[in-house]
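> As given, the protein sequences belong to chains A and B, one line each in that order. Count along the first sequence starting at 1, add 1473, and that's the number in the numbering used here. Count along the second sequence starting at 1, add 1473, and that's the number in the numbering used here. Don't be surprised by glycine CBs; every beta carbon is placed ideally from N, CA and C.
Number of protein chains: 2
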Amino acid sequence: MGLLKLSETYTENSNDKVEQILKGAMQEFLVHGYAGTSMDRVAASGGVSKATVYSHFQDKKGLFKALVERLAKERFQSVFGTKKLEGEPKKVLQELAVKALNEMFHDDEYMAFMRVLIGESGRFPEIAQFCVESLIKPVIDTLHDYFLSHKELNISDPEATARIFVGSLVHFVMTQKIMHGSDVLPMESHRLTDTLTDLVISY
Amino acid sequence: MGLLKLSETYTENSNDKVEQILKGAMQEFLVHGYAGTSMDRVAASGGVSKATVYSHFQDKKGLFKALVERLAKERFQSVFGTKKLEGEPKKVLQELAVKALNEMFHDDEYMAFMRVLIGESGRFPEIAQFCVESLIKPVIDTLHDYFLSHKELNISDPEATARIFVGSLVHFVMTQKIMHGSDVLPMESHRLTDTLTDLVISY
DNA sequence: GTCTATATGGCGATAGAC
DNA sequence: GTCTATCGCCATATAGAC
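1) Just checking: is the beta-carbon of ALA1524(B) within a distance shorter than 8 Å of some beta-carbon in chain A?
2) Report yes or no: do three or more beta-carbon pairs, one from the segment 1624 to 1643 of chain A and one from the segment 1580 to 1600 of chain B, lie closer than 8 Å?
3) Could you say which of GLY1519(A), TYR1676(A), LEU1569(A), LEU1566(A) lies nearest to LEU1683(A) if we only look at CA atoms?
4) Sorted by chain position, which residues of the same chain lie with C-beta nearer than 8 Å to ASP1618(A)'s C-beta, five sequence neighbours on each side aside?
5) Closest by CA to GLU1492(B), which one among VAL1504(B), ALA1508(B), SER1511(B), VAL1515(B)?
6) Taking contact to mean 3 or more Cβ pairs, one atom from each stretch, closer than 8 Å, check whether the segment 1492 to 1509 of chain B and the segment 1584 to 1600 of chain B are in contact.
7) Measuring alpha carbon to alpha carbon, tell me which of LEU1642(B), LEU1665(B), ASP1656(B), ILE1674(B) ends up nearest VAL1552(B).
8) Does GLY1560(A) come within less than 8 Å of chain B when only Cβ atoms are used?
9) DSSP on SER1487(B), reduced to helix/strand/coil?
10) Return the residue from the list ILE1674(A), HIS1663(A), LEU1608(A) that minimises the CA-CA distance to PHE1549(A).
11) Hey, how far is the Cα of LEU1669(B) from the Cα of SER1511(A)?
12) Give the DSSP-derived three-state secondary structure of ASP1630(A) in the structure shown.
13) When you compare each of GLU1561(A), LYS1490(A), GLN1602(A), GLN1500(A) to VAL1526(A) by their alpha carbons, which one comes out closest?
14) Give a yes or no on whether the C-beta atoms belonging to LEU1566(A) and ILE1494(A) are separated by under 8 Å.
15) Would you identify the three-state DSSP class for TYR1507(B), choosing helix, strand or coil?
16) When the cut-off is 8 Å and only beta carbons count, does LYS1538(B) lie next to chain A?
17) Under 8 Å between beta-carbons, which chain B residues line up against ILE1637(A)? List them in chain order, please.
18) Do PHE1537(A) and GLY1640(B) count as a contact pair if the criterion is CB distance below 8 Å?
19) With a cut-off of 8 Å, does the C-beta of PRO1611(B) fall near any C-beta of chain A?
20) With distances taken between CB atoms, is the gap from VAL1657(A) to LYS1564(B) smaller than 8 Å?
21) Just checking my contact of PHE1586(A) with LEU1503(A) at CB under 8 Å: how many whole Å lie between their CB atoms?
22) What's the C-alpha gap between ARG1543(A) and HIS1529(B)?
23) So which residues on chain A does GLY1506(B) lean against when the C-beta distance must stay under 9 Å?
24) Could you list which residues in chain A have their beta carbon closer than 8 Å to that of VAL1589(B), in chain order?
25) Quick one: using the 10 Å Cβ neighbour count with 16 as the cut-off for buried, is LYS1478(A) buried or exposed?
26) Leaving out five residues before and five after GLN1449(A) in sequence, what residues of the same chain have Cβ atoms less than 6 Å from its Cβ?
27) Since I believe LEU1590(A) is in contact with ALA1601(A) (beta carbons under 8 Å), could you give me their beta-carbon distance rounded to a whole number of angstroms?
28) Checking contacts by CB at 8 Å: is GLN1602(B) closer than that to chain A?
29) Output, in chain order, the set of chain B residues within a Cβ distance shorter than 7 Å of SER1675(A).
30) List, in chain order, every chain B residue whose beta-carbon is nearer than 8 Å to that of GLU1632(A).
31) Excluding the 5 residues preceding and the 5 following LEU1540(A) in the sequence, name in chain order all residues of the same chain whose CB lies nearer than 8 Å to its CB.
32) Do THR1666(A) and VAL1571(A) have their C-beta atoms closer together than 8 Å?
33) Considering only C-alpha positions, which residue in the set ASP1513(B), ILE1628(B), ALA1545(B), THR1555(B) is nearest to LYS1533(B)?
34) Report the three-state DSSP secondary structure of TYR1619(B) (helix, strand or coil).
35) Roughly how many angstroms lie between the CA atoms of ALA1524(B) and SER1487(A), to the nearest whole one?
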């Protein structure tokens, strides 16, 4: 137990530095993108030296991959919510859509994350694929399951319908906020969520 | 007329260089992104010297903006098609969806363009907004008009429905190809286009 | 483990010949 | 108008002291 505690203290200190580095890396990579970020600024932003960064991560690519995987697993898992859906369809779908839009709209880091992820998806295909699997797939699956358990909705292709639901919401955030289109292509969120819900439940 | 022709020949040669530069810039920027692209490689890829690039464009930002605006106006205008829609709804919507998906799926440059555009949308907000206006808005408007002229579809909010239609298609390309999700989240295109069409015309 | 200092190369942008 | 050559700076990554 004493030995274990010693070992814990050991890795705790080391993990503190790792946390600082990842925190600094997040600030820099999310704002400036992969190529636009320098390891000098990552180190400075994390309050450590550059050599310390390289002692914990193999190189710039390794740090970037570690950061994105961590963000996908821990930080942005909850944007849509992934718990099993239950209740009356109109209410459930409406609330899901409204909540998802609100979460995305008010989370600047989430939008910055999407920008970087998509922007780098050509050079880091494995990371992009991992994020589809860990961020988008669970949401599609959750909605798919819900549609399957509500046959009264008369949905011919529950999985495709789930994609339409999620895709419409994500693309709305894309045009309005990420691409700064709210002035040039304005629309109130409730019109999208209302129409989307009506489309799906109009049996 | 002789003078005019002389002047034309003059600007023709100059425009040839500009075309070469823009062609090189497209290859580099679309593959490596803004920060990942060097002016040396742009010049080399265009077959001109770096000084020639700077004689025609103010700086790297200016070249990038000019390139993206040009691509938005001339190269990627036609992906969805923007001519007035006419005909029986089921057929029109089905064909529109299938054609749009095919165009996007088979145009690697279009996908690279989307990656760069979204990736740089935080640092070049005006460019992103311009592309929403010149690329997405016309498609939404065209579909909006079509829904307005087909009251028998009983669409409560034609504009929101147009967004759902377009957003679902774009997001599908996003997950399947841009984010390399086709292996981890597979789905045949016709399931999306069929379901999307059915959702909209199920009056 | 963490630091300072540095090696090495590529970057954006320009000067000056032609 | 276009080129070659170059300036000054900042990038990634590492060596060596503590």
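In terms of the structure at hand:
1) no
2) no
3) Outside the displayed span of chain A (1474 to 1676) sits residue 1683(A), for which this structure offers no information.
4) LYS1557, LEU1558
5) VAL1515(B)
6) yes
7) LEU1642(B)
8) no
9) helix
10) LEU1608(A)
11) 44 Å
12) coil
13) LYS1490(A)
14) no
15) coil
16) no
17) ILE1637, SER1641, LEU1665, THR1668, LEU1669, LEU1672
18) no
19) no
20) no
21) 6 Å
22) 44 Å
23) GLY1506, TYR1507, ALA1508, GLY1509, GLY1592, GLU1593, GLY1595, ARG1596
24) GLY1592
25) In this prediction, LYS1478(A) scores a pLDDT of 44, lower than 50, which makes its location untrustworthy; the coordinate-derived value is nonetheless stated afterwards. By the 10 Å Cβ count, LYS1478(A) comes out exposed.
26) What is shown of chain A runs 1474 to 1676, which leaves residue 1449(A) out entirely.
27) 6 Å
28) yes
29) SER1675
30) MET1660, ARG1664
31) LEU1495, ALA1498, MET1499, PHE1502
32) yes
33) ASP1513(B)
34) helix
35) 49 Å
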